[in-house]
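2 protein chains.
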Amino acid sequence: MRNGTARLTTGRLARLADVGVETIRFYERHGLLPEPPRTPAGYREYPPETVRRLRFIRRAKELGFTLREIRELLELRMTPGTTCAEIRGRAQEKVDDIERRIRSLERMRGTLVQLVRSCRGRGPISECPVLDALEEDEP
Amino acid sequence: MRNGTARLTTGRLARLADVGVETIRFYERHGLLPEPPRTPAGYREYPPETVRRLRFIRRAKELGFTLREIRELLELRMTPGTTCAEIRGRAQEKVDDIERRIRSLERMRGTLVQLVRSCRGRGPISECPVLDALEEDEP
DNA sequence: CTTGACTCCGTAGCATGGTACGGACCGTAG
DNA sequence: CTACGGTCCGTACCATGCTACGGAGTCAAG
Chain F
6 MRNGTARLTT GRLARLADVG VETIRFYERH GLLPEPPRTP AGYREYPPET
56 VRRLRFIRRA KELGFTLREI RELLELRMTP GTTCAEIRGR AQEKVDDIER
106 RIRSLERMRG TLVQLVRSCR GRGPISECPV LDALEEDEP
Chain E
6 MRNGTARLTT GRLARLADVG VETIRFYERH GLLPEPPRTP AGYREYPPET
56 VRRLRFIRRA KELGFTLREI RELLELRMTP GTTCAEIRGR AQEKVDDIER
106 RIRSLERMRG TLVQLVRSCR GRGPISECPV LDALEEDEP
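First to last, the protein sequences are chains F and E. Each number in my numbering corresponds to the 1-based position in the first sequence with 5 added. Each number in my numbering corresponds to the 1-based position in the second sequence with 5 added.
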């Protein structure tokens, strides 16, 4: 086919992924985005998949992963010497991590839901049971 | 009873909650811990419940809540003019927020689990399917 | 060929969430 | 009373994750 993969400039990529242009350069410097090919004039030319990659980064960030952790997730591919078993192991670690987070959030939700439920929504604060439950810790 | 509530110094509190002494002062300045009463010499005297509060803060942080959000959670109590209904509403918002996070983590886990499963653990990286799945986004 | 938008790069600044430091004071054991 | 640790405070510093700035080169429309 004539066009193959239509490449993106930094600005177009930024708009598509809804991040700032500077953020893209920042991610490149910090290994979250691979260095893309350049035009003769030095302009970056991104393959369109980069949009998905940026969206993945954003989602992971919202979930409390650090950029370092996200980079680790992304590096599961493209590390040349890595065996498939290593990748599998690292992915499993991340799964365990994610499951711990989920359980912790579920405990938190349980506390808050109980709280919302026990609160009639009327009366002064002194009778609202929202209080001490909030400080509860691991059982 | 003779002792009632045994009060804690900053250092003891820090050890019990497994945070630094400076962190406690930092949280006080930023409204996450209420200003405790002082001895005549100016030493802080914390009620023992503060340990739970600090542990709650740590847990919430690990889950990706910012200090601002945690403060909001904690302020659901002790805001004098607040009605019970308001508190209830704010708590419900936090529940919704937590549920969004859980769903997002579950999607992430799904992707990774699929990945781990489809990977036999043998062979070179070029045959490991860990790759593109990682970049997947909301469906 | 000019104009305006876009890109490049390096560097600086900002917000968040602490962490460390230094000099002074307190308090208790010997 | 002295020593030694704990505490006080203010300020400075740190890492993370951007965000903005300035000056120069690029490129496409008119």
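For glycine and all other residues, C-beta sits at the position ideal for the given N, C-alpha and C.
Interface partners of residue i on chain E, CB under 7 Å
i         : result
Val121(F) : Arg93, Ala96, Gln97, Val100
Leu38(F)  : By Cβ distance, chain E contributes nothing, its closest Cβ being about 11 Å from Leu38(F), past 7 Å.
Chain F residues whose Cβ lies nearer than 7 Å to that of residue i
i         : result
Glu104(E) : Arg114
Test: residue i CB closer than 8 Å to a CB of chain F
i         : result
Ile130(E) : Any reading at Ile130(E) needs caution, since the residue's pLDDT is 47, under 50, leaving its predicted position unreliable; the model's value is listed next. True, the Cβ-Cβ gap to chain F drops below 8 Å.
Leu72(E)  : no
Val24(E)  : no
Cβ of residue i within 8 Å of any chain E Cβ
i         : result
Leu21(F)  : no
Glu67(F)  : yes
Val118(F) : yes
Secondary structure of residue i, DSSP reduced to three states
i         : result
Leu13(F)  : strand
Tyr32(F)  : helix
Asp23(E)  : coil
Ala138(F) : Residue placement at Ala138(F) is poorly supported in this model, since its pLDDT is 49, which falls under 50; the coordinates are not used for a value here.
N-terminal and C-terminal residue of the alpha helix (DSSP H) that residue i is part of
i        : result
Phe61(F) : 55 to 67
Arg73(E) : 72 to 80
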